[in-house]
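2 protein chains.
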Amino acid sequence: MRHSRVPQARERIRLYVEAPLAHGAAVDLSAVQARYLDAVRRLMVGESVLVFNGRDGEWRASLATLGHGKGKLAVDEQTRGQSGATDLWLLQALIKRGPMELVIEKAAELGAACIQLVTTEYSQRRGANMRRLRTIAIAAAEQCGRLDIPVIAEAVSLPDILADWPQGRRLIHCDESRAGPPMNEALAAASAPAAILIGPEGGFSPDEQAALAATTFATPVSLGPRILRAETAALAALTLWQALAGDWRA
Amino acid sequence: MRHSRVPQARERIRLYVEAPLAHGAAVDLSAVQARYLDAVRRLMVGESVLVFNGRDGEWRASLATLGHGKGKLAVDEQTRGQSGATDLWLLQALIKRGPMELVIEKAAELGAACIQLVTTEYSQRRGANMRRLRTIAIAAAEQCGRLDIPVIAEAVSLPDILADWPQGRRLIHCDESRAGPPMNEALAAASAPAAILIGPEGGFSPDEQAALAATTFATPVSLGPRILRAETAALAALTLWQALAGDWRA
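Here the protein sequences line up with chains A and B, keeping their order. Going by our numbering, the first sequence runs without a break in its numbering and finishes at 308. Going by our numbering, the second sequence runs without a break in its numbering and finishes at 308.
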């Protein structure tokens, strides 16, 4: 016997909006949102959804009008106050489209505040479809319940990133050569804020490894005895950081 | 300037074979392997690859003949002895095809010894394409350098699994309701061997949660404040186990 889960699912529609949220505010749906609520979710006027904008917490809002690719929400009551996001960056070298989209979705779920794309010597691409990556990040944020959207920043070269590194932020780079200690040991001495750097499939070049080793802020860490694909390394490193130094702690 | 990585890439061709491996042994390639080495990798007779069979460690072997969808390797010397695999099981509820294939690939990379598929009340499917999942696991094992192939077992119902649970093995289940402690805290008291149970998108039913709570071997754990998709939870839990209780430790 399969339980019906429609009522639960209805309760969980969460939408990211840009408008200010406050009791009594009216929020216009985007055309995509209106079509989604209408054709996919079959939401009826009067039913409620959750909305967030990254600034004002999460609110319950009821559908006031819907049709012809337009719709309006009436904001009712706050369900959660805005809380500070985890101060964790992911610096992701450009990789192929499928794995990159996976990294963006999972980094959003795992609570990265910022995803900075990076060009490296062995990067598989020179750029990325930023609009599509941002759409993926918003969908993941809506689904996982976070109250903000990760910032996704256009690719910058690794030398430029190292030359302009913010004071006080640690750079944890996942090192295929296993020169570093296991990541969980390195995190035991961790101080936030931090950034995790993940290379492309071929790893970092000898010049890049030397440049990282020459900084005062970069820490190499190891992610076990097997060779992880770039996207697996990104997910594993984000998981370990959140569990041991981030917002998964009790 | 982009470095050429062809020589490195050549060195890293790893193939899973079923034949016994020993100095001087001859190994027949499968038709798929022969076509891959011929058409994709353009391997020449005399060039070498690495082979493993899950029993005899890893060996360097050189290509003796290749063509017309057939080929033979001559086994030269052992490069790594067979080592004991991590005794970690993943019990994965049936989920949609794309996420399930991702779980299989990443569980292989993250070193799960066995992946047991599970039917639950909210499972999105009733079965899976076992042959395709095994092909994915073999490809991931070849790529990541492990010396064995994870066993993938056909779906069994959760009640049947709980009724026939092996003595001494801990069952760690990732609990969306957050009743359990953070997973890393639960692992601090961990004793191998273990199994990680991941539910389907809708989580476990109230009856299933009660059945788990009624066992002496199941431990609920939490994976942070956000709602993770099933495949993200599987990867995160495997990562934490390997880092804190498995073979990622120094």
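We put the beta carbon where it would ideally sit given N, CA and C, even for glycine.
Out of the options, point me to the one whose CA is closest to residue i's CA.
i             : options                       : result
residue 152/B : 215/B, 296/B, 234/B and 77/B  : 215/B
residue 266/B : 185/B, 77/B, 233/B and 296/B  : 233/B
residue 206/A : 161/A, 303/A, 169/A and 155/A : 169/A
residue 145/A : 240/A, 227/A, 242/A and 281/A : 227/A
residue 115/B : 71/B, 140/B, 192/B and 96/B   : 140/B
residue 123/A : 105/A, 275/A and 117/A        : 105/A
residue 256/A : 283/A, 295/A, 183/A and 189/A : 295/A
residue 305/B : 242/A, 137/A and 100/A        : 242/A
residue 181/A : 258/A, 194/A and 252/A        : 258/A
residue 155/A : 134/A, 137/A and 194/A        : 194/A
residue 331/A : 134/A, 143/A, 189/A and 137/A : Outside the displayed span of chain A (59 to 308) sits residue 331/A, for which this structure offers no information.
residue 92/B  : 107/B, 78/B, 79/B and 82/B    : 107/B
residue 9/A   : 183/A, 270/A, 143/A and 251/A : In the structure as shown, chain A begins at 59 and stops at 308. Residue 9/A is therefore absent and cannot be evaluated.
residue 308/A : 283/B, 157/B, 264/B and 76/B  : 283/B
residue 310/B : 231/B, 202/B and 302/B        : The structure shown has nothing for residue 310/B, since chain B only spans 59 to 308.
residue 320/B : 150/B, 202/B, 177/B and 157/B : Coverage of chain B is limited to positions 59 through 308, which leaves residue 320/B absent and any answer about it impossible.
residue 252/B : 217/B, 300/B and 177/B        : 300/B
residue 54/A  : 79/A, 291/A and 298/A         : Because chain A spans 59 through 308 in this model, residue 54/A falls outside it and cannot be assessed.
residue 103/B : 125/B, 177/B and 178/B        : 125/B
residue 289/A : 298/A, 217/A, 157/A and 297/A : 157/A
residue 297/A : 167/A, 187/A, 217/A and 79/A  : 167/A
What residues in its chain sit with their C-beta under 8 Å from that of residue i, if we drop five residues either side in the sequence?
i             : result
residue 273/A : 220, 223 and 229
residue 74/A  : 109, 110, 111, 112, 196, 199, 200 and 207
residue 275/B : 223, 227, 228 and 229
residue 137/B : 108, 115, 116, 117 and 118
residue 263/A : 178, 179 and 180
residue 217/A : 269
Can you find the residues in the same chain that come closer than 6 Å, C-beta to C-beta, to residue i, ignoring five residues on each side of it along the sequence?
i             : result
residue 148/B : 165, 170, 173 and 254
residue 101/A : 95 and 121
residue 163/B : 194 and 198
residue 245/A : 302 and 303
residue 183/A : 152
residue 261/B : 234
residue 72/B  : 108 and 200
residue 191/B : 162 and 210
residue 271/A : none
residue 34/B  : Residue 34/B lies beyond the range of chain B shown here (59 to 308); nothing can be said about it.
residue 79/A  : 111, 114, 117 and 133
For residue i, I'd like the list of residues in its chain whose CB is within less than 7 Å of its CB, leaving aside the five on either flank, ordered along the chain.
i             : result
residue 119/A : 85, 106, 107, 109, 131, 132, 133 and 134
residue 286/B : 294
residue 76/B  : 111
residue 268/B : none
residue 99/B  : 71
residue 62/B  : Here the model assigns residue 62/B a pLDDT of 38, short of 50, so the residue's position is not dependable and the matter cannot be decided.
(request) Please list the residues of the region 226-254 of chain B that have a C-beta atom closer than 8 Å to any C-beta atom in chain E, keeping them in chain order. (result) The structure shown contains no chain E; its protein chains are A and B.
(request) Check distances from the C-beta atoms of the region 277-300 of chain A to those of chain B and list, in chain order, the residues that come in under 8 Å. (result) 280, 281, 282, 283, 284, 285, 286, 287, 290, 293, 294, 297, 298 and 300
(message) Any contact between the region 207-214 of chain A and the region 169-187 of chain A? By contact I mean 3 or more CB pairs, one from each, below 8 Å.
(response) yes
(request) Only counting runs of 4 or more residues, tell me where the alpha helix (DSSP H) segments fall wholly within the region 174-198 of chain B, in order along the chain. (result) none
(message) Pairs of beta-carbons, one from the region 82-92 of chain B and one from the region 129-136 of chain B, closer than 8 Å: are there three or more?
(response) yes
(request) Taking a Cβ distance cut-off of 8 Å, strictly less, list which residues of the region 188-210 of chain A are near chain B, in chain order. (result) 201, 202, 203 and 204
(message) What ranges does the beta strand (DSSP E) occupy inside the region 110-145 of chain A, keeping only unbroken runs of at least 3 residues that lie completely in it?
(response) 116-125 and 128-138
(request) Report the residues of the region 156-173 of chain B with a CB closer than 8 Å to any CB of chain A, ordered along the chain. (result) 160, 164, 167, 168 and 169
(message) Runs of 3 residues minimum, wholly inside the region 205-245 of chain B: which ones carry the beta strand (DSSP E) assignment?
(response) 209-215 and 228-232
(message) My parser needs the beta strand (DSSP E) runs of 3 or more residues fully inside the region 240-294 of chain B; what are they?
(response) 252-256 and 276-279
(message) Could you tell me which whole beta strand (DSSP E) segments of length 3 or greater appear in the region 146-174 of chain A?
(response) 146-151
(message) What are the residues in the region 134-156 of chain B lying within 7 Å of chain A by C-beta distance?
(response) none
(request) Output, in sequence order along the chain, the residues in the region 121-133 of chain B whose CB is closer than 7 Å to any CB in chain A. (result) none
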